[in-house]
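Numbering (our numbering), first residue to last: 1 to 332.
Take a look at the structure below.
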């Protein structure tokens with residue numbers, strides 16, 4: 001398979017998503033966190049689908065083992081390090097500090113990527129892992145539908161949209177579980193369609209894509225403010241962000257020099273450490289809250305917690321994650 005093209009613009013976008021989630025927890029901007037996570041999901045589906053369709057074009061085959069291996073090397077080493085450390089060290093730390101630590105009673109949910117179904121009140125830092133569980137559930141779904149996406153694309157998309165519609169109906173009339181995979185299918189489906197569009201049509205008219213993305217995001221803003229309907233706003237937001245991803249990748253293809261400046265390179269690096277930053281930020285917030293050093297939401301609290309999170313994430317990436325990521329080359 002040909003070398004994977006890195007889009008610096010998407011790494012910047014990924015870091016922007018992290019900042020949205022971070023600001024939600026640091027300063028109680030609730031909507032920022034929700035839409036930041038949704039944007040993560042859209043971006044993830046976009047990148048996975050682009051890789052899938054490119055591989056199928058070249059090899060006329062979808063190698064599920066290699067696909068799973070690449071995803072596992074990105075997620076599992078750090079994820080299971082965090083979950084394993086908490087599982088085994090939490091009781092020991094609790095014993096020595098003479099204070100209880102609210103560790104999840106259903107700890108196996110975290111080992112099986114089911115933490116999005118854990119509604120108990122427990123260690124705040126672990127609450128961040130729910131979105132990783134949803135994304136991992138999507139990875140397994142993607143393994144199942146990947147081959148069909150290559151040969152019966154719109155049939156699969158139709159089934160996904162119908163499933164999302166059914167989940168909306170169930171949530172409206174029977175339950176209100178919005179942290180499951182099905183409630184976020186519109187995010188993943190939008191990312192899949194955006195990747196298909198780029199590979200199918202190669203070059204788009206940027207002004208049309210830009211106009212559509214802005215239009216959808218403006219409509220999303222009004223719907224969010226006036227309708228207060230989570231499902232309508234999620235659909236509009238997903239379409240808008242999918243168009244933004246198309247726009248960014250097309251800009252980078254046409255004007256690559258724009259993303260070669262030193263400042264852009266630095267922000268691109270922040271994009272690479274985003275996974276670690278997302279995981280570690282929960283622990284940084286937990287420690288800051290326990291120590292009560294700064295008032296939550298103050299600029300001192302936001303800045304200091306952000307800098308510490310980024311420092312830990314850089315160390316994790318350089319000393320631990322990067323060595324696992326280097327193994328991904330064996331599964332191209």
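Ideal Cβ positions, reconstructed from N, Cα and C, are used throughout, including at glycine.
Every value quoted in this text rests on a predicted model; they were computed, and no experiment measured them.
Own chain partners of residue i with C-beta closer than 8 Å, once the 5 adjacent residues on each side are dropped
i	result
residue 334	The structure shown has nothing for residue 334, since the chain only spans 1 to 332.
residue 66	331 and 332
residue 106	118 and 120
residue 189	45, 157, 160, 161, 164 and 238
residue 193	157 and 242
residue 113	132, 133, 136 and 137
residue 316	78, 273, 276 and 280
residue 235	186
Contact set for residue i: own chain, Cβ-Cβ below 6 Å, skip 5 residues either direction
i	result
residue 244	213
residue 17	36, 39 and 40
residue 268	8 and 11
residue 86	none
Three-state secondary structure assigned by DSSP to residue i
i	result
residue 2	Because the pLDDT at residue 2 is just 49, under 50, the model does not fix this residue reliably, and the point stays unresolved.
residue 332	coil
residue 128	coil
residue 116	helix
residue 272	helix
residue 110	helix
residue 91	helix
residue 69	helix
residue 297	coil
residue 305	helix
residue 104	coil
residue 280	helix
residue 122	coil
residue 141	helix
residue 348	Here the chain comprises residues numbered 1 to 332, so residue 348 is not present and cannot be evaluated.
residue 15	helix
Close-in-space but distant-in-sequence residues of the same chain around residue i (CB under 7 Å, 5 per side omitted)
i	result
residue 130	115, 116 and 179
residue 73	324, 325, 327 and 328
residue 35	20 and 237
residue 62	52, 55, 56, 146, 147 and 150
residue 48	142
residue 109	115, 117 and 118
Chain B contact for residue i (CB, 7 Å cutoff)
i	result
residue 31	Checking the listed chains, one finds no chain B in this structure; it contains a single protein chain.
Quick test of the definition: if touching needs 3 or more C-beta pairs under 8 Å, does the region 151-161 touch the region 116-123?
Touching, no, given that fewer than three Cβ pairs across the two stretches are closer than 8 Å.
Pairs of beta-carbons, one from the region 308-325 and one from the region 267-283, closer than 8 Å: are there three or more? Touching, per the Cβ criterion.
- Query: For the 8 Å Cβ check, are there 3 or more pairs between the region 124-139 and the region 147-154?
  - Reply: Result no; under three Cβ-Cβ pairs closer than 8 Å.
* So, do the region 12-22 and the region 38-53 have three or more beta carbon pairs nearer to each other than 8 Å? -> Yes: at least three Cβ pairs fall under 8 Å.
Touch test, the region 251-258 against the region 52-63, Cβ-Cβ under 8 Å, three pairs minimum:
Output reads no: the region 52-63 does not touch the region 251-258.
*At a cut of 8 Å, does the region 301-308 reach the region 275-290 through at least three beta carbon pairs?*
The answer is yes - the region 275-290 touches the region 301-308, with three or more Cβ pairs under 8 Å.
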